[in-house]
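Colleague: What follows is a structure written as structure tokens; I'll ask about it next.
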Amino acid sequence: MKFYNVYKYKKNLENKEPLIHCITNLVTISDMAQVLTTAGARPLMAHSSKESGDITSISDGLVLNIGTLDDLQKDGMIAAFKAALKNNIPVVIDPVGVHATEYRKEFLKELLSIGNPTVIKGNLSEIKSIVKMNSSFKGIDCLEGEEGLSSDVIEKTKDFSKERNIIIVVSGKRDLVILGEKTFVVDNGSSLMGKVTGSGCFLGALLAAFVASVSEREKVNKEEQLYASLSSVVFWGLCGEVAESNLEKNEGIFSFKHRLLDNISLITEENIKKGEKISEEF
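Going by the numbering used here, the final residue of the sequence shown carries number 289, and the count climbs one at a time with no gaps.
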């Protein structure tokens, strides 16, 4: 198996200490800030459109998470997104529940009409919804339904990624990291992570921190951003694996959550080098 040097990207994050502006959902905002701090980044949580553009302009990365979307937050996100695009600042969009309501779908359409983020991260239903509503490719209706992560879904996601030059992260039992024709499959993680409220949001924040650490405003290296994204997915999955393996008898989900977040600062180089599970075939 090829070695991807995930640890290098984690150390790079710690050395760079990127400032990450998060406009995110109210359910997990405190934990998200703590996750970023623990990982070595510096979080800034500012939602108002009166300042969000200015805040983004001085930041190294931006997270837009629509988990508790409202009209005021939408205005803040649009101002921040425009500032990020203007200043070549990497953006991670986490389209929480976009498949559930027209309100969320229409807002994602609006964002994507303004420009392309660096990364879109979502579960299979969310990614399928975005690819379907933004695709010009024939046969896209096959994305309807619950057929799962078929090769056809992957191909259309790759087409969308290539057309937009966006890194797509599909989270699930097996995580996918896609940029155009390149597809990586990550088999790290724990089934218990799905029982922790916000575990997906935390990955979105880590994606922004890892990607910001390899990004420069003057010159975009998309390949480095891809490998930084891949590394963040592996790193977070390993945090879950180690947390589950360290659970003691009679410890439940709350104990798992504490161990999961602790591992952001405890995962070692040896854990990463021995534990990364990456392949280039689904």
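Each residue gets a CB set at the ideal place from its N, CA and C atoms; glycine is no exception. This structure is a prediction, so every number in the text was calculated from the model and none was measured.
(1) At what residue ranges does the region 199 to 241 contain a whole run of the alpha helix (DSSP H), taking only runs of 4 or more?
(2) Cα separation between A40 and E288?
(3) So which of A48, S132 and K81 has the shortest CA-CA distance to S66?
(4) Per the contact definition of three or more C-beta pairs closer than 8 Å, is the region 180 to 196 in contact with the region 72 to 82?
(5) Expressed to the nearest angstrom, what Euclidean distance is found between the alpha-carbon atoms of G68 and A215?
(6) Are there 16 or more other CB atoms within 10 angstroms of the CB of S238, so buried, or fewer, so exposed?
(7) Could you say if the region 162 to 180 and the region 124 to 133 meet the contact criterion of at least three C-beta pairs nearer than 8 Å?
(8) Tell me, please, whether the region 252 to 263 touches the region 272 to 280 by the rule of three or more beta-carbon pairs shorter than 8 Å.
(9) Does L254 come out as helix, strand or coil in the three-state DSSP assignment?
(10) May I ask you to verify whether the region 57 to 64 touches the region 226 to 237, counting CB pairs closer than 8 Å and requiring at least 3?
(11) So who's on the other strand from F191, going by DSSP bridges?
(12) Scan the region 57 to 88 and note each continuous alpha helix (DSSP H) run of 4 residues or more that stays entirely inside, going in chain order.
(13) When DSSP labels each residue in this structure, what does N130 get in the three-state scheme?
(14) Just tell me which of N95, M52 and T44 has its CA closest to the CA of M84.
(15) When you compare the CB positions of I285 and L199, do they come within less than 8 Å of one another, or not?
(16) Between which two residues does the beta strand (DSSP E) carrying S178 extend?
(17) So who's on the other strand from L51, going by DSSP bridges?
(18) Output the distance between the C-alpha atoms of V192 and K180, rounded to the nearest integer angstrom.
(19) Pull up the distance between the alpha-carbon of H106 and that of S132, whole angstroms please.
(20) Which word fits T108, buried or exposed, when buried means at least 16 other C-beta atoms lie within 10 angstroms of its C-beta?
(21) Give me the Cβ distance between T190 and V34, rounded to the nearest whole Å; I'm assuming they're in contact under 8 Å.
(22) If you count every other CB in all the chains shown that lies within 10 Å of the CB of E283, and 16 or more means buried, which is it?
(23) Which residue wins for smallest C-alpha separation from E24, given the options I30, V221 and N257?
(24) Judging by CA-CA distance, which residue of G211, V13 and E223 is the nearest neighbour of H28?
(25) Can you check which of these residues, N270, V99, E58 and L245, is closest to K281 by C-alpha distance?
(26) Cα-Cα, which of K89, V42 and T45 is closest to E58?
(27) Nearest-angstrom Cα distance between K15 and E248?
(28) Should S157 be labelled buried (16 or more other beta-carbon atoms within 10 Å of its own) or exposed?
Modeller: Quick answer:
(1) 206 to 219
(2) 34 Å
(3) A48
(4) no
(5) 6 Å
(6) buried
(7) yes
(8) no
(9) coil
(10) no
(11) V184
(12) 59 to 64
(13) strand
(14) M52
(15) no
(16) I174 to S178
(17) H28
(18) 10 Å
(19) 7 Å
(20) exposed
(21) With 8 Å as the limit, T190 and V34 do not qualify as a contact, their Cβ atoms being about 31 Å apart.
(22) buried
(23) V221
(24) G211
(25) L245
(26) K89
(27) 20 Å
(28) exposed
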